[in-house]
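Q: Numbering (my numbering) for the sequence shown: 3 to 358. What follows is a single structure, and I will ask about it in a moment.
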Amino acid sequence: MSERLNLQPTAIARDLPPTAPRLAGGPLRFAAAVVARRADHGVRRETLPVEALSAEALAPLTAPRVPFAGVPMDRPCVMGVVNVTPDSFSDGGDRFDTGRAIADGLAMWEAGAAFVDVGGESTRPGAAPLPVEEELARVLPVVKALAGQGVRVSIDTRRARVMAEAAAAGAAVINDVTALRDEPESLRTAAESGLPVILMHMLGDPRTMQRDPRYDDVALDVYDHLAERVAACEAAGIPRTRLCLDPGIGFGKTAAHNLELVARLAIFHGLGCPLLLGVSRKSFIGRLSRGEPPKQRLPGSLAATLAGLARGAQIHRVHDVPETLQALTLWQAVDAAAACDRLMTDAAAAAAKGEA
Numbered sequence: 003m004s005e006r007l008n009l010q011p012t013a014i015a016r017d018l019p020p021t022a023p024r025l026a027g028g029p030l031r032f033a034a035a036v037v038a039r040r041a042d043h044g045v046r047r048e049t050l051p052v053e054a055l056s057a058e059a060l061a062p063l064t065a066p067r068v069p070f071a072g073v074p075m076d077r078p079c080v081m082g083v084v085n086v087t088p089d090s091f092s093d094g095g096d097r098f099d100t101g102r103a104i105a106d107g108l109a110m111w112e113a114g115a116a117f118v119d120v121g122g123e124s125t126r127p128g129a130a131p132l133p134v135e136e137e138l139a140r141v142l143p144v145v146k147a148l149a150g151q152g153v154r155v156s157i158d159t160r161r162a163r164v165m166a167e168a169a170a171a172g173a174a175v176i177n178d179v180t181a182l183r184d185e186p187e188s189l190r191t192a193a194e195s196g197l198p199v200i201l202m203h204m205l206g207d208p209r210t211m212q213r214d215p216r217y218d219d220v221a222l223d224v225y226d227h228l229a230e231r232v233a234a235c236e237a238a239g240i241p242r243t244r245l246c247l248d249p250g251i252g253f254g255k256t257a258a259h260n261l262e263l264v265a266r267l268a269i270f271h272g273l274g275c276p277l278l279l280g281v282s283r284k285s286f287i288g289r290l291s292r293g294e295p296p297k298q299r300l301p302g303s304l305a306a307t308l309a310g311l312a313r314g315a316q317i318h319r320v321h322d323v324p325e326t327l328q329a330l331t332l333w334q335a336v337d338a339a340a341a342c343d344r345l346m347t348d349a350a351a352a353a354a355k356g357e358a
């Protein structure tokens with residue numbers, strides 16, 4: 003294996019001096035990066051200030067992201083989740099009824115969600131594949147109804163036929179937990195649709211993914227997998243500007259893996275795409291707390307979401323849209339106040355120095 007280099011931005015904050023580079027063109031800046039050099043003998047890491055890094059090395063981390071499906075990526079946004087399934091891990095089938103799914107999707111949109119993600123196949127650990135006809139019967143009425151009322155719908159599917167028919171019904175985004183690997187036709191179908199695509203990392207498939215998942219280095223292994231999928235998409239005619247990346251929290255990962263991925267999330271900015279983080283109601287929250295069931299994991303979901311926000315994630319996939327938007331708004335307001343205070347302090351210091 004030839005040596006590979008990865009940069010993980012660190013010392014990330016909004017109130018850094020203007021000379022600090024912006025993270026993915028957003029409001030956050032970073033002052034240093036953990037440089038990981040990976041080869042056959044293992045990984046060597048060192049933390050360097052940004053001044054010690056080349057413009058070429060920093061470019062993927064700092065370049066502004068283009069809008070994704072028309073949504074600006076220079077600020078965080080929320081994707082609401084609508085699972086049209088009888089066995090969803092997160093809600094136990096609350097939205098299996100078509101009318102309820104449509105009503106809840108509209109409520110999420112009206113509450114401020116930038117996307118509403120509609121899925122008809124459960125991908126919880128141990129879930130068996132669903133016949134494609136059944137998946138279509140579940141999602142198409144919901145996609146048509148929501149898109150018909152102006153909702154920006156994301157279709158959560160790993161099936162090429164579902165992608166194509168959902169796109170024809172008005173879906174604006176394809177969200178594939180297998181990163182377009184599940185079916186041979188998926189890459190071509192996604193390319194021909196012209197839609198933006200979310201590529202997620204999953205180890206194995208839903209039936210096997212939680213059977214003793216192992217990695218040499220979880221962040222670097224997931225990074226390499228997503229890099230390979232980005233390359234495959236580009237080769238199939240899907241430009242990087244149409245891609246968003248998701249490290250796949252809970253999909254073939256232990257609680258320790260999930261924590262490490264959130265902690266090191268900023269490394270994925272090196273791939274030059276917007277990042278989606280989906281931590282909402284995930285089982286690792288209950289494992290780290292008191293074993294709460296999914297609907298009682300909102301506080302932990304918000305904490306993990308804010309951790310991702312602090313590392314520059316642009317899209318946050320959540321079940322509780324109003325609550326998450328409120329948390330994001332308050333976090334950003336406090337962060338902006340801190341940046342303003344820093345500017346005032348620096349200006350006062352400069353003035354005092356000039357008088358002296």
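All C-beta atoms in this analysis are idealised placements derived from N, C-alpha and C, irrespective of residue type, glycine included.
Which partner residues of H318 appear in the DSSP bridge assignment?
A: V80, L279
Q: Kindly list the residues whose CB is nearer than 6 Å to the CB of S195, restricted to its own chain and excluding five residues on each side of it in sequence; keep chain order.
A: A169
Q: Inspect the CB distances between the region 148 to 156 and the region 218 to 230 and report whether three or more fall short of 8 Å.
A: no
Q: Could you give the first and the last residue of the continuous beta strand (DSSP E) run that contains E48?
A: 44 to 51
Q: Among G172, I14, K284, which residue has its Cα nearest to the Cα of L197?
A: G172
Q: Leaving out five residues on either side along the sequence, give the residues of the same chain with a beta carbon under 6 Å from the beta carbon of P295.
A: none
Q: Are the region 323 to 335 and the region 33 to 50 touching by the rule of at least three beta carbon pairs closer than 8 Å?
A: no
Q: In this structure, how does DSSP classify R344 when only helix, strand and coil are distinguished?
A: DSSP places R344 in helix when its eight states are reduced to three.
Q: Taking the alpha carbon of R283 as the point to measure from, which residue in G82, H227, A57 has its own alpha carbon closest?
A: G82
Q: Throw me the rounded Cβ distance for the F117 and V175 pair, which I believe falls under 8 Å.
A: 6 Å
Q: Going by DSSP, which residues form a beta bridge with D119?
A: Its beta-bridge partners are V83, S156.
Q: Report the residue ranges of all beta strand (DSSP E) runs contained in full by the region 231 to 267; include only those spanning at least 3 residues, in chain order.
A: 245 to 248
Q: Taking Cβ positions, are A312 and I14 nearer each other than 8 Å?
A: yes
Q: Looking only at C-alpha atoms, which of P69, V84, H271, Q298 sits nearest to T243?
A: P69
Q: Quick check on P208: buried or exposed, where buried means 16 or more other Cβ atoms within 10 Å of its Cβ?
A: Around the C-beta of P208, 16 or more other C-beta atoms lie within 10 Å, and the residue is accordingly described as buried.
Q: Quick check: the region 94 to 105 against the region 134 to 148, are at least 3 beta-carbon pairs closer than 8 Å?
A: yes
Q: K255: buried (16+ other C-beta within 10 angstroms of its C-beta) or exposed?
A: buried
Q: Does DSSP put L25 in a helix, in a strand, or in coil?
A: coil
Q: Select from E5, A54, G44 the residue whose C-alpha is nearest the C-alpha of P11.
A: Closest by C-alpha distance to P11, out of E5, A54, G44, is A54.
Q: Which residues in the same chain have their Cβ closer than 8 Å to the Cβ of P23, if we skip the five residues on either side of it in sequence?
A: R31, F32, V52, L60, L63, T64
Q: Could you please give the first and the last residue of the uninterrupted alpha helix (DSSP H) stretch that includes R126?
A: Boundaries for R126: no alpha helix (DSSP H) harbours it, and the DSSP string shows neither H nor E there.
Q: Could you check the C-alpha separation between S285 and G250 for me, to the nearest Å?
A: Distance between the alpha carbons of S285 and G250 is about 13 Å.
Q: Using three-state DSSP, classify R39 as helix, strand or coil.
A: strand
Q: Confirm, please, whether the CB-CB distance from A306 to D336 is below 8 Å.
A: The sequence shown places Val at residue 336, not Asp. In this structure, A306 does not lie closer than 8 Å to V336 by Cβ.
Q: If you run the structure through DSSP and keep just helix, strand and coil, what is L311?
A: helix
Q: Compute the distance between the beta-carbons of L148 and G122, then report whether it is under 8 Å.
A: no
Q: Per DSSP, what kind of secondary structure is P296 in: helix, strand or coil?
A: Residue state for P296 is assigned as helix, using DSSP reduced to three classes.
Q: Looking at the unbroken beta strand (DSSP E) that takes in R6, where does it start and where does it end?
A: 6 to 15
Q: Measuring CA to CA, which of V120, A229, D184 is closest to P131?
A: D184
Q: Given this structure, state the Cα-to-Cα distance separating V120 from D348, to the nearest angstrom.
A: 48 Å
Q: To the nearest angstrom, how far is it from the Cα of C246 to the Cα of A162?
A: 18 Å
Q: Could you compute how far the alpha carbon of L189 sits from the alpha carbon of A341?
A: If you draw a straight line from the Cα of L189 to the Cα of A341, it is about 43 Å long.
Q: In the region 137 to 205, which residue ranges form an unbroken beta strand (DSSP E) of at least 3 residues, counting only runs that do not cross its ends?
A: Look at the region 137 to 205 and you find these whole runs of beta strand (DSSP E), each 3 residues long or longer: 155 to 158, 175 to 178, 199 to 202.
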